[in-house]
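Peer 1: Chains as they are written, first to last, in the working numbering: chain A, 1 to 309; chain B, 1001 to 1248. There's a structure below that I have some questions on.
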Ligand SMILES: Cc1cc2nc3c(=O)[nH]c(=O)nc-3n(C[C@H](O)[C@H](O)[C@H](O)COP(=O)(O)OP(=O)(O)OC[C@H]3O[C@@H](n4cnc5c(N)ncnc54)[C@H](O)[C@@H]3O)c2cc1C
Ligand SMILES: Cc1cc2nc3c(=O)[nH]c(=O)nc-3n(C[C@H](O)[C@H](O)[C@H](O)COP(=O)(O)OP(=O)(O)OC[C@H]3O[C@@H](n4cnc5c(N)ncnc54)[C@H](O)[C@@H]3O)c2cc1C
């Protein structure tokens, strides 16, 4: 099978999630990449070095500058004339583009795969990860999104892909990019952090969230996450949300501070290698999945922990 | 302006899903079912747009007979009219999108507002597929929607923050959780909803082939995590972190 992987990038570097998608795609056979954007020479060169890739198709046009699905999907459909499968990472951009491609190809997409069982059979989580379905596709071409935490990242060196320019399919005139507010975050990205410290509703204010969680994260070199309750209450930005409808993470160590452990939250972090929970309620559901639990008041525990580390 | 809102009946989000022993799926017998939470947000958004030029809200559900309860809930919240597309077999997002595309042809809405994902199958596909089939713009994962002249500004929750796109109308919007807080239907409105019109159709009425493309071979429970140990105090926790190599 010849697979086309959509490369997510920020105009400079290839995003990590793409590397997991490449690993998944390589299980299907030959891997080709698509770098679409404006002024993406550097990205194309970096993409060509990813281990195991064949061709790197490059579409450089203002119409692709912001990865608008309305413009990118027709380009992918065009390239799918000579590919058997399309693979995108399950990032917000990937999730936005892939189903549009699937509909245009008249294919039923397989979302968020956890494994490749064969050319046409995959596993994927349903019900917020409370069940794992094995599904088999009868479509001639496959459209797939890949859960990043389920696949190793492909090496960023060692490949020697052949770069090939492709003609733009143009601006479809349906949508325009009006702006973005992307949080500047000095911390490790949640989806690739080795350690994550997450805070919940119990932090009770934005000030306390940052005063308690940030220093602990600093000590551990950790990324910072949050429960939906903490995000909704404005203690943390929405980008921090871990869970069914937020980020799916699987770090080496996940520290849940004042988080009860609702199934929607667990859906986002229960594949972490070690889970540590700090909660004053010894019956909190989070303790049912925690490897190490400490029962007590976080306002006493967290500062003491930060100090002793 | 007319708005179409597709709503799906799913296992209530408070119910813990149980995988059936025979591995064919999740047990939905005798459990509480509700409107997909993202779809409640979609209905609410449509209602709020009534101050901004929306004159009619049509809700549609594709599913078994009981999906009409979900449609009644939407009518009680404030939708005007409902369409039930009866299917006793499950219809995949691609099939749902094809049926919706036909309904759009008939109803000519200016906006279709869907949930970003259904919390049962977690596919996150239908809205984008519908947009592709109709060749409309798509504002997915919306946290803010503003109707302007002939267009709509949609602020979207994306990795890293928020992005705003402007779409030409007609357009597709899919809702994220923070778009609004859905209302509860009041008792008088629940009563009133009983007499609001509801049409019943079948996929065949639309000439759409909804034969599934995916076969579910089996459904299993994920590997269970077992509860670990409890430490007595911070010192013991620090000790553990050190042995794990996380702290120096
Ligand atoms: C459709 C849908 C999708 C959702 N998606 C997500 C999602 O992606 N991510 C997510 O996180 N949630 C999600 N939720 C929400 C989820 O159901 C819970 O409401 C949320 O996770 C609760 O957050 P929390 O644990 O911070 O708050 P709570 O449940 O209020 O828990 C607070 C915890 O803090 C403890 N505590 C209080 N004070 C102290 C103290 N001084 N010291 C120590 N412990 C203390 C309490 O014992 C309690 O266990 C979703 C819900 C729905 C309906
Ligand atoms: C024979 C058969 C057996 C199946 N068995 C299983 C199984 O055991 N387990 C399993 O998990 N899946 C199964 N599926 C797949 C499942 O039925 C579909 O994937 C599902 O109906 C649609 O996916 P979704 O709701 O996650 O779509 P999403 O794309 O996540 O839905 C997004 C939005 O689209 C709208 N929408 C979606 N569906 C409808 C609808 N029916 N009516 C109105 N609006 C809608 C809503 O606004 C919703 O918020 C089976 C399918 C078939 C054909």
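We put the CB at the ideal spot given by N, CA and C, even for glycine.
Tell me whether residue 177 of chain A is buried or exposed, calling it buried when 16 or more other Cβ atoms sit within 10 Å of its Cβ.
Peer 2: Exposed is the call here.
Peer 1: Return no unless some Cβ of chain A is closer than 7 Å to the Cβ of residue 1183 of chain B.
Peer 2: Taking Cβ atoms only, chain A never reaches closer than 7 Å to residue 1183 of chain B, which makes this a no.
Peer 1: To the nearest angstrom, report how far apart residue 240 of chain A and residue 1206 of chain B are at their CA atoms.
Peer 2: Each residue's alpha carbon lies about 43 Å from the other.
Peer 1: Identify, in the order they occur along the chain, each residue of the same chain with its Cβ nearer than 8 Å to the Cβ of residue 16 of chain A, setting aside the five sequence neighbours on each side.
Peer 2: Once the five neighbours on either side are set aside, the close Cβ partners of residue 16 of chain A are 148, 153, 189, 191 and 192.
Peer 1: Among residues of its own chain, excluding the 5 on either side of residue 1197 of chain B, which ones have a beta-carbon nearer than 6 Å to its beta-carbon?
Peer 2: Cβ within range, chain order: 1081.
Peer 1: Please compile the residues from chain B whose C-beta is within a distance smaller than 9 Å of the C-beta of residue 293 of chain A.
Peer 2: Neighbours of residue 293 of chain A on chain B, chain order: 1227, 1228, 1229, 1230 and 1231.
Peer 1: Assign residue 1188 of chain B to one of two classes, buried (16 or more other C-beta atoms within 10 Å of its C-beta) or exposed (fewer than that).
Peer 2: Exposed, since its Cβ has fewer than 16 Cβ neighbours within 10 Å.
Peer 1: Can residue 279 of chain A be considered in contact with ligand 4, in the sense that its beta carbon sits closer than 6 Å to one or more heavy atoms?
Peer 2: Looking at this structure, you won't find ligand 4 anywhere; what it does contain is ligand 1 and ligand 2.
Peer 1: Does at least one heavy atom of ligand 1 sit under 6 Å from the Cβ of residue 190 of chain A?
Peer 2: Because no heavy atom of ligand 1 lies under 6 Å away, the Cβ of residue 190 of chain A does not count as near it: no.
Peer 1: Please confirm whether residue 1125 of chain B has its beta-carbon closer than 7 Å to some beta-carbon of chain A.
Peer 2: Answer yes: the Cβ-Cβ gap between residue 1125 of chain B and chain A drops below 7 Å somewhere.
Peer 1: Classify residue 1226 of chain B: buried if its beta carbon has 16 or more other beta carbons within 10 angstroms, exposed otherwise.
Peer 2: That one is exposed.
Peer 1: Roughly how many whole angstroms lie between the Cα atoms of residue 166 of chain A and residue 1223 of chain B?
Peer 2: About 44 Å.
Peer 1: Just the Cα atoms here: how many angstroms apart are residue 58 of chain A and residue 140 of chain A?
Peer 2: About 25 Å.
Peer 1: Could you spell out the range, first to last residue, of the alpha helix (DSSP H) harbouring residue 1106 of chain B?
Peer 2: 1093-1107 is the span of the alpha helix (DSSP H), which, as asked, contains residue 1106 of chain B.
Peer 1: Could you tell me the boundaries of the alpha helix (DSSP H) in which residue 1068 of chain B lies?
Peer 2: Looking at the DSSP string, the run of the alpha helix (DSSP H) that includes residue 1068 of chain B is 1067-1077.
Peer 1: Helix, strand or coil for residue 1203 of chain B? Go by DSSP, reduced to three states.
Peer 2: Residue 1203 of chain B: helix per DSSP, three-state reduction.
Peer 1: Are three or more beta carbon pairs between the region 1126-1140 of chain B and the region 1088-1098 of chain B nearer than 8 Å?
Peer 2: With the cut-off at 8 Å, the region 1126-1140 of chain B and the region 1088-1098 of chain B touch.
Peer 1: Any heavy atom of ligand 1 within a distance shorter than 6 Å of the CB on residue 272 of chain A?
Peer 2: Checking the Cβ of residue 272 of chain A against ligand 1 gives no.
Peer 1: Taking beta-carbon pairs under 7 Å, can you tell me which members of the region 1154-1188 of chain B lie near chain A?
Peer 2: Result list: 1157, 1158, 1159, 1160, 1161, 1162, 1163, 1164, 1165, 1166, 1167, 1168, 1177 and 1178.
Peer 1: Could you spell out the range, first to last residue, of the beta strand (DSSP E) harbouring residue 3 of chain A?
Peer 2: That run of the beta strand (DSSP E) goes 2-6.
Peer 1: Along the chain, which unbroken stretches of the beta strand (DSSP E) at least 3 residues long are found entirely within the region 219-283 of chain A?
Peer 2: Correct list: 223-226, 253-257 and 274-279.
Peer 1: Apart from the five residues just before and just after residue 311 of chain A, which ones in its own chain have a Cβ nearer than 7 Å to its Cβ?
Peer 2: No information on residue 311 of chain A is available, as it lies outside the stretch 1 to 309 that chain A covers here.
Peer 1: DSSP three-state label for residue 124 of chain A, please.
Peer 2: Note: residue 124 of chain A maps to strand in three-state DSSP.
Peer 1: Grab me the residues of residue 1062 of chain B's own chain with a C-beta within less than 7 Å of its C-beta, minus the 5 sequence neighbours each way, in chain order.
Peer 2: Cβ within range, chain order: 1085, 1087, 1091, 1096 and 1099.
Peer 1: Using the beta-carbon of each residue, which ones in chain A are nearer than 8 Å to residue 1206 of chain B?
Peer 2: Neighbours of residue 1206 of chain B on chain A: none; closest Cβ ~16 Å, over 8 Å.
Peer 1: Does the CB of residue 1009 of chain B have a neighbour CB from chain A at under 7 Å?
Peer 2: No, its Cβ sits nowhere closer than 7 Å to a Cβ of chain A.
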